[in-house]
Amino acid sequence: MSVAVRFAALALALLGAPTAAMAGPAPAPAVEFRWDAPPGCPSEAEVVAQLERLLGGPLAERRGARLTAIARVRQEPGGAWDLRLWTVSEQGTLQRSLVHERCDMLASAGVFIAAMAIDPLAGERMVDGAEVAAVVAEAQPVPDPEPPPQVEPEPEPPPELPRIEPTPTPPMIEPPRQSALRGGLRLSAGVAYGDLPGVGPTLRLTPSLVWPRLRIELEGAYMPLRKTREASDSSRGVDLQLAAGALRACPVFHFFKKILEFPICGGVEFGAMYGRGVGYPIEKDARQLWAALHLMPMLLLQVHRRVVLFAGVEGFVALARPRFEVEGAGALYRAPAGGVRGHLGVEVRFP
């Protein structure tokens, strides 16, 4: 006996009723097959396509008695799959139960049973018939069939909406980057002790190059006239002035969102101390070298992008100490070894 004949006999036995040939033309209602299975099983579209391959054409084109097949698959707690298959025809409703470890094999078995109910020759088109037949043979009829479930069709995908191309965003126009290097010009005044006699004023003009973390300053300073007199005769002595230039570098620390700056400057200062004798029969002028190393912490408060308030305290150590003396009277003044200065001022920055 051929495999196809055995499939036909097996399917007819499962259905419980012989299939008789139709005599004469008859109305041809649509054959319906519905599939309800959870994720992990073949979809309804895949199962219907498999059934149509066995029948040799679309279900809607079938002619013959009306038949509806409804298959429902659920997974048991142990992991096996349980297939319940209802076939509804003019002869009545039959329900079968089939359990297997693979949901795709249950789908093939359900398709085979439904195909044989519709067309007994469908078994000849079965490719893996022996394996499916072994699964079909385990199907058990349900004595009191339940009403077939109402299986809702798979939702159709929503229609594609026309794609709206996004409006291109105009490119951002970045403002020109400001250079990290700026220039500064500071004017300051203060008091000084240790360069000329006593305590006296000092005036300074300071151009600078300013980076975020560094300053380079080139400063011009002038200490106005100060006097020193002999202890024995207050009408005789020397008048002194000092002009100097300084070069210094300053690492800069920032506080309060860079509004407050704290540079610590160190550098060297060179200049000339000018002295003129007063009250002597022959009054002479003399100039001597002035040189010093200095350290100056500063405090800068930015009140505007271009305007900065300045305060600084400077300590210095003399490298060259000018000495002024009068023949026969001895030394009238010699610069101390060090001193201190205090400054207040305003700095303008650009750009």
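Numbering of the sequence shown is given in the numbering used here, commencing with residue 1 and proceeding in unit increments.
Built from N, CA and C at the ideal position, the CB exists for glycine as well.
(1) Using CA coordinates, which residue listed in V31, Q95, P166 and V132 is at the minimum distance from D119?
(2) Can you find the residues in the same chain that come closer than 8 Å, C-beta to C-beta, to A272, ignoring five residues on each side of it along the sequence?
(3) How would you label E76, buried or exposed, when you count the other beta carbons within 10 angstroms and need 16 or more for buried?
(4) With DSSP as the reference, label G275 as helix, strand or coil.
(5) Got a sec: is the Cβ-Cβ distance from V31 to anything in chain B below 8 Å?
(6) For the 8 Å Cβ check, are there 3 or more pairs between the segment 210-226 and the segment 158-174?
(7) Excluding sequence positions up to five away, which residues of its chain have a Cβ less than 6 Å from the Cβ of A343?
(8) State the start and end residues of the unbroken alpha helix (DSSP H) segment that holds V48.
(9) Can you tell me which of R102, G277 and D104 puts its alpha carbon nearest to the alpha carbon of D239?
(10) Check whether the Cβ atoms of V308 and A292 sit closer than 8 Å, and answer yes or no.
(11) Label A60 either buried or exposed according to how many other C-beta atoms from any shown protein chain fall within 10 Å of its C-beta, with 16 as the threshold for buried.
(12) Among G79, G78, L54 and L85, which one has its Cα closest to the Cα of T68?
(13) Quick one: residues in its chain with C-beta nearer than 8 Å to the C-beta of A331, no 5 flanking neighbours on either side, listed in chain order?
(14) On a Cα-Cα basis, can you pick out the residue from P281, P197, M298 and L214 that is closest to G275?
(15) Please list the segments of the beta strand (DSSP E) lying wholly inside the segment 144-228, counting only runs of 3 or more residues, in order along the chain.
(16) Using only the alpha-carbon positions, how far apart do E261 and L299 sit?
(17) Going by C-alpha distance, which of V48, G237, L83 and E90 is nearest R66?
(18) Using a Cβ-Cβ cut-off of 7 Å (strictly less than) and excluding sequence neighbours within five positions of L247, which residues of its own chain qualify?
(19) Check each candidate in V111, T202 and S235 and name the one with the smallest Cα separation from Y222.
(20) Could you check the C-alpha separation between P148 and R34 for me, to the nearest Å?
(21) Can you look up A133 in the DSSP assignment and give me helix, strand or coil?
(22) Taking the continuous alpha helix (DSSP H) assigned at F112, which residues delimit it?
(23) My output table needs one value for E327: the three-state DSSP class, helix, strand or coil.
(24) Please report the residue range of the beta strand (DSSP E) in which A71 lies.
(25) Starting from the C-beta of R96, find all residues in its chain whose C-beta is less than 6 Å away, skip the five residues before and the five after it, and write them out in chain order.
(26) If you check the beta carbons only, do E314 and M296 fall under 8 Å apart?
(27) Using the three-state DSSP reduction, which class does A23 fall into: helix, strand or coil?
(28) Go through its chain and collect everything with a Cβ distance to E347's Cβ below 6 Å, but skip five positions before and after it.
(29) Here's a check: name, in chain order, each residue in its chain whose Cβ is nearer than 6 Å to the Cβ of A107, leaving out the five neighbours to either side.
(30) Could you give the distance in angstroms between the alpha-carbon of A130 and the alpha-carbon of L121?
(31) Under 8 Å, do A115 and L55 count as touching if we go by C-beta distance?
(32) In the DSSP output, which residue or residues are listed as bridge partners for P239?
(33) Using the Cα positions of I70 and E160, report the straight-line distance between them to the nearest angstrom.
Judging by the given coordinates:
(1) V31
(2) L242, A243, A244, R287, Q288, L289 and W290
(3) exposed
(4) strand
(5) Within the model displayed, chain B is absent; a lone protein chain is all it includes.
(6) no
(7) Sequence check: residue 343 is His here, not Ala. Correct list, in chain order: S188, G190 and G312.
(8) E44 to L55
(9) G277
(10) no
(11) exposed
(12) L85
(13) R323, F324 and E325
(14) P197
(15) 182-193 and 199-210
(16) 6 Å
(17) E90
(18) L218, G267 and V268
(19) T202
(20) 11 Å
(21) helix
(22) C103 to I118
(23) coil
(24) L67 to Q75
(25) L85, A139 and P141
(26) yes
(27) Confidence is the limiting factor: at A23 the pLDDT is only 42, short of 50, which leaves the residue's position unreliable, though a coordinate-based value still follows. If DSSP states are grouped into helix, strand and coil, A23 belongs with coil.
(28) G184, R186, V308 and F310
(29) P42 and V47
(30) 16 Å
(31) yes
(32) According to the sequence displayed, residue 239 carries Asp and not Pro. BP columns for D239 point to K227 and R276.
(33) 31 Å
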